[in-house]
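Worksheet: the structure to be examined is printed underneath.
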Amino acid sequence: MPGTSKRISNGSPPVPGPPVTALRRGRAVLTSEWIKMGSLRSLRATALTGLVFSVLLAFLVCTGFHSRWHSLGPETRAAFRPVDTSLGFLQLTPLLFGALGALVVTGEYGTGQIRGTFAATPQRPLVLAAKAVLLGAVGLALALITVGFAFLVGQGQLAGTAPHASLGSSGAAGALLGGALYLTLTALFGLFLGVVVRSTAVAVSTLFGLFLVLPVLVDNLPKGAAWRHTVPWLPSNLGYSLWHSPAPLLVRATPAGFALAGWVVLLAAGALASLRVRDA
Amino acid sequence: MSAHVTEPPRRPEHPQVRTRLRPRAGATRLGATARSEWIKLWSVRSAPAALAAAVLVVVVGGFVLGAGYRSGWASLSPGDRRSFDPTFTSLRGVQLAQLFVGSLGVLALTGEYATGLIRTTLAATPQRAQVLAVKALVLGLVVWALCTAASFAAFAIGQSQFTGPVPHASPGGPGVLRAVLGGGIFLTLVVLFGMALGALTRSTPLGLASLFGVLLVLPVAVQLLPGSVGERVDPYLPGEAGSQLWRVVPPSPHSLAPWTGAGLFALYVAVAAGAALVLVRRRDV
Numbered sequence: 001m002p003g004t005s006k007r008i009s010n011g012s013p014p015v016p017g018p019p020v021t022a023l024r025r026g027r028a029v030l031t032s033e034w035i036k037m038g039s040l041r042s043l044r045a046t047a048l049t050g051l052v053f054s055v056l057l058a059f060l061v062c063t064g065f066h067s068r069w070h071s072l073g074p075e076t077r078a079a080f081r082p083v084d085t086s087l088g089f090l091q092l093t094p095l096l097f098g099a100l101g102a103l104v105v106t107g108e109y110g111t112g113q114i115r116g117t118f119a120a121t122p123q124r125p126l127v128l129a130a131k132a133v134l135l136g137a138v139g140l141a142l143a144l145i146t147v148g149f150a151f152l153v154g155q156g157q158l159a160g161t162a163p164h165a166s167l168g169s170s171g172a173a174g175a176l177l178g179g180a181l182y183l184t185l186t187a188l189f190g191l192f193l194g195v196v197v198r199s200t201a202v203a204v205s206t207l208f209g210l211f212l213v214l215p216v217l218v219d220n221l222p223k224g225a226a227w228r229h230t231v232p233w234l235p236s237n238l239g240y241s242l243w244h245s246p247a248p249l250l251v252r253a254t255p256a257g258f259a260l261a262g263w264v265v266l267l268a269a270g271a272l273a274s275l276r277v278r279d280a
Numbered sequence: 001m002s003a004h005v006t007e008p009p010r011r012p013e014h015p016q017v018r019t020r021l022r023p024r025a026g027a028t029r030l031g032a033t034a035r036s037e038w039i040k041l042w043s044v045r046s047a048p049a050a051l052a053a054a055v056l057v058v059v060v061g062g063f064v065l066g067a068g069y070r071s072g073w074a075s076l077s078p079g080d081r082r083s084f085d086p087t088f089t090s091l092r093g094v095q096l097a098q099l100f101v102g103s104l105g106v107l108a109l110t111g112e113y114a115t116g117l118i119r120t121t122l123a124a125t126p127q128r129a130q131v132l133a134v135k136a137l138v139l140g141l142v143v144w145a146l147c148t149a150a151s152f153a154a155f156a157i158g159q160s161q162f163t164g165p166v167p168h169a170s171p172g173g174p175g176v177l178r179a180v181l182g183g184g185i186f187l188t189l190v191v192l193f194g195m196a197l198g199a200l201t202r203s204t205p206l207g208l209a210s211l212f213g214v215l216l217v218l219p220v221a222v223q224l225l226p227g228s229v230g231e232r233v234d235p236y237l238p239g240e241a242g243s244q245l246w247r248v249v250p251p252s253p254h255s256l257a258p259w260t261g262a263g264l265f266a267l268y269v270a271v272a273a274g275a276a277l278v279l280v281r282r283r284d285v
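One line per chain: the protein sequences are A and B, in this order. Going by the UniProt record's numbering, the residue at position 223 of the first sequence is 223; the numbering climbs one at a time, nothing skipped. Going by the UniProt record's numbering, the residue at position 64 of the second sequence is 64; the numbering climbs one at a time, nothing skipped.
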């Protein structure tokens with residue numbers, strides 16, 4: 001067709017202003033994503049619930065050990081690890097962080113806001129990257145506060161009767177950083193999962209299935225070769241390796257961290273592919 | 001919704017005739033409500049998908065767990081072999097299925113609140129408690145029928161995997177038939193629990209969080225408590241109490257008896273449903 005290569009003028013003058021560079025666009029996307037994240041009540045509520053739940057559980061569990069220490073058997077006492085005990089909430093809090101990550105995007109799909117977002121910035125991978133960067137940064141800060149606060153509260157309750165740890169104790173700092181990394185990676189996991197499934201209900205159910213039900217289901221299976229090559233690599237078990245002292249049959253902390261990051265990268269690739277081929 | 005639900009049949013103006021018709025109107029309304037709930041259930045994609053997924057994980061779970069135990073039986077410790085429950089093992093897909101069935105129950109109401117359909121539903125049938133009850137009946141019957149069938153299939157497939165030294169269960173064994181039927185009953189209670197919590201919260205994320213929080217998170221949190229505190233509280237949690245119905249070997253000496261546990265779970269569901277019935281009549285939609 002003749003003329004298609006020319007710009008079609010609709011009569012309005014070109015918009016004056018600085019040219020849109022990649023840097024400007026990136027900053028603008030980051031700003032808009034930041035505003036969206038900061039203005040959603042559901043995100044604040046989920047983050048606050050995660051913090052309160054973790055600290056409360058650490059407080060309850062450690063108070064329980066403190067008050068019943070003298071009635072516990074010698075085996076229980078010998079197996080007692082103050083760091084692991086105070087961080088036990090890390091079996092559950094990742095669900096809230098995952099839900100937090102999922103809500104960042106499924107909320108937009110639920111309300112239709114996502115269409116406005118992609119109309120404003122048709123560079124969809126850029127939008128996802130901005131969300132991931134902000135969620136990663138906010139999630140890490142929130143995770144460090146949650147884990148650190150819960151640890152200090154828990155150890156404060158243990159002090160006196162039961163053995164307790166401080167931030168300087170051997171392995172404590174590693175466990176705290178590992179736990180914070182686990183929570184941050186689960187938040188990103190939730191974000192990319194949310195992009196793939198686009199629905200809060202499906203994302204939350206999948207998170208519960210993958211992080212809570214499936215591990216319990218396969219935990220008691222005979223530990224044959226098939227078990228040893230698959231079950232320790234489930235996201236929840238990799239996360240467990242990150243914050244818990246080494247457990248038999250599970251992966252060590254460093255490879256676990258890389259493998260969990262691998263899960264997140266895999267889901268991110270799925271999310272990018274989904275953004276590319278599907279309508280918003 | 002079809003037109004005859006919203007448009008009542010023309011009645012003659014005679015007052016005597018109208019009073020004569022009134023007793024039949026209630027029955028018609030019940031049937032119409034049931035029919036509309038049936039249409040709503042099958043016309044959104046999420047509900048058939050969740051039901052299919054629930055049936056699938058129960059059946060596939062029976063096969064995978066059965067094959068896993070058969071191949072790894074030699075590496076099991078003597079203690080694990082003694083406490084091995086072939087019926088329960090073949091039915092454990094129920095634990096995953098409760099996620100799908102529970103979401104289905106929550107979404108049955110919160111989905112209507114999210115889209116605004118609930119206003120149409122309650123305008124068509126202002127007897128709100130009746131709408132909820134009929135919805136629960138339709139959803140409960142569908143889930144019960146499908147999940148009972150899935151439960152029997154999983155049991156048969158699972159037992160066919162237990163050959164050689166692996167003990168297997170037969171339907172005539174003590175408590176076995178009850179456990180297989182229990183899988184379907186437990187999932188039916190889960191869907192009703194989800195519905196009640198959906199009616200109470202009127203929000204999908206909140207409803208799901210409260211349902212899974214109570215069924216799945218609470219037991220893990222309680223088990224973190226030291227010594228006997230966790231062990232003594234755990235059997236009375238809704239999920240733990242209810243799951244005794246589809247076990248043959250009780251998991252702990254503190255566990256409730258199968259029907260006691262199921263009764264307690266049903267009581268929790270009834271309390272939640274009662275609160276939902278009261279609130280749905282008081283609140284605006």
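C-beta: ideal position from N, C-alpha, C; glycine also.
Asked                                                                                                                                                                       : Found
Is there a Cβ from chain B that is less than 7 angstroms from the Cβ of Val-213(A)?                                                                                         : yes
Within 6 angstroms: the Cβ of His-229(A) and any heavy atom of the ligand FAD?                                                                                              : In terms of ligand content, the structure shown is empty, and the ligand FAD therefore cannot be addressed.
For Gly-184(B), which residues of its own chain have a beta-carbon under 7 angstroms away from its beta-carbon, when the five flanking residues on both sides are left out? : Trp-144, Cys-147, Thr-148 and Ser-151
Less than 8 angstroms between the CB atoms is what I'm expecting for Gly-101(A) and Phe-189(A), so what's the real figure, rounded?                                         : 7 angstroms
What do you reckon, are the CB atoms on Ala-169(B) and Pro-86(B) nearer than 7 angstroms?                                                                                   : yes
State the DSSP-derived secondary structure class of Asp-234(B), mapped to helix, strand or coil.                                                                            : helix
Residues of the region 59-72 of chain B in Cβ contact with chain A at a cutoff of 8 angstroms, in chain order, please.                                                      : Gly-61, Leu-65, Gly-68, Tyr-69, Ser-71 and Gly-72
Rounded to whole angstroms, what's the CA-CA distance from Glu-108(A) to Gly-102(B)? Just pull it up for me.                                                                : 24 angstroms
Does Leu-279(B) have its Cβ less than 7 angstroms from a Cβ in chain A?                                                                                                     : no
With a CB to CB cut of under 8 angstroms and the five nearest residues on each side skipped, what residues in its chain are close to Val-142(B)?                            : Leu-41 and Leu-51
Buried or exposed for Leu-48(A), please, with buried defined as at least 16 other CB atoms from any protein chain shown within 10 angstroms of its CB.                      : exposed
What residue ranges within the region 126-162 of chain B form continuous beta strand (DSSP E) runs of no fewer than 3 residues, ordered along the chain?                    : none
Can you check which of these residues, Leu-238(A), Thr-21(A), Ser-245(A) and Gly-209(A), is closest to Gly-174(A) by C-alpha distance?                                      : Ser-245(A)
Using a Cβ-Cβ cut-off of less than 8 angstroms, list which residues of the region 196-214 of chain B approach chain A; keep chain order.                                    : Thr-204, Pro-205, Leu-208, Ala-209 and Phe-212
If you follow the alpha helix (DSSP H) that Leu-211(B) is in, where does it begin and where does it stop?                                                                   : 204-212
Where does Ser-54(A) fall in DSSP's three states?                                                                                                                           : helix
Any idea what DSSP makes of Lys-131(A), helix, strand or coil?                                                                                                              : helix
Nearest chain A C-beta to Arg-128(B) closer than 7 angstroms, yes or no?                                                                                                    : no
Could you check whether the Cβ of Leu-187(B) sits closer than 7 angstroms to any Cβ belonging to chain A?                                                                   : no
Leu-72(A) touches chain B at which residues, Cβ-Cβ below 9 angstroms?                                                                                                       : Pro-226 and Gly-227
Put Phe-80(A) into one of helix, strand or coil per three-state DSSP.                                                                                                       : coil
With distance defined between alpha-carbon atoms, name the residue in Ser-71(A), Gln-123(A) and Thr-200(A) nearest to Gly-26(A).                                            : Gln-123(A)
Roughly how many angstroms separate the alpha carbons of Gly-239(B) and Leu-104(B), rounded to a whole number?                                                              : 17 angstroms
Which runs of the alpha helix (DSSP H) at least 4 residues long sit entirely within the region 182-217 of chain A? Give them in chain order.                                : 200-208
Would the beta-carbon of Leu-134(A) fall within 7 angstroms of that of Met-37(A)?                                                                                           : yes
Between Leu-51(A) and Ile-114(A), how many whole angstroms is the CB-CB distance? I'm expecting something under 8 angstroms.                                                : The pair is not a contact, with the Cβ atoms about 28 angstroms apart (cut-off 8 angstroms).
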